[in-house]
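Q: Chains as they are written, first to last, in the working numbering: chain A, 332 to 445; chain B, -5 to 106.
Given below as structure tokens:
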């Protein structure tokens, strides 16, 4: 069974530029999560989708971050414009149901904002 | 505000000995706790969990203990093996199921 795929794996941009990350969850998984992990910290849940609906986006900085999950499968996370403090690893995870212990994580995208 | 804290950034243990990783939380509404293991350049993988109605859960070499009155949980690994060397994160979720917080992680090194 293929795992959670994310691309790109690495991205370097200048501040004020835009960037997008892509996630392909495990086939059949209804729930998809995006996390931000800043160096030295634990992952922070940014947004959780159930199929193509948003379950929780309370920690998503909506002034610059947006996410969508069209057709309830793939998802993209966008930052526009990026700030220096957005430098982090962005992790995508998926689960069959909505239990956190069922999450499978992708390898992450490391973003560096210069 | 860090709702889940792991105060030890790193821990070194001899192979075969016990590893004890600690985690504290501040929100009494958390009712489900999890431990994840993370290797470099990979995403976290689920290890073990415990519901707030229990005080202990065991899975092979891994045991999680929960002390609700102290808002503290710990992960015991016995015996520790070199392959256990990784970063361990504790996490907690709230009664609504829509709150989920990770701790800052503890890097475990098991010395052969």
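From the three backbone atoms N, C-alpha and C, an ideal C-beta is built for every residue, glycine too.
Residue 294/A versus chain B: which residues are under 9 Å apart at the beta carbon?
A: The structure shown has nothing for residue 294/A, since chain A only spans 332 to 445.
Q: Taking C-beta pairs closer than 9 Å, name the residues in chain B that residue 424/A reaches, listed in chain order.
A: 37 and 38
Q: So residue 0/B is in the beta strand (DSSP E); what residue range does that whole segment cover?
A: For residue 0/B, there is no enclosing beta strand (DSSP E), as DSSP marks it with neither H nor E.
Q: For residue 384/A, which of helix, strand or coil comes out of DSSP?
A: strand
Q: Would a check of beta-carbon distances place residue 383/A closer than 7 Å to chain B?
A: no
Q: Residue 391/A and residue 410/A: beta carbons closer than 7 Å?
A: no
Q: State the Cα-Cα distance for the pair residue 350/A and residue 366/A, rounded to the nearest angstrom.
A: 16 Å
Q: In the segment 42 to 74 of chain B, which residues sit with their C-beta less than 8 Å from some C-beta in chain A, listed in chain order?
A: 43
Q: Are residue 383/A and residue 395/A closer than 7 Å when you measure CB to CB?
A: no
Q: Taking the CB atoms as reference points, tell me whether residue 41/B and residue 31/B lie closer together than 7 Å.
A: yes
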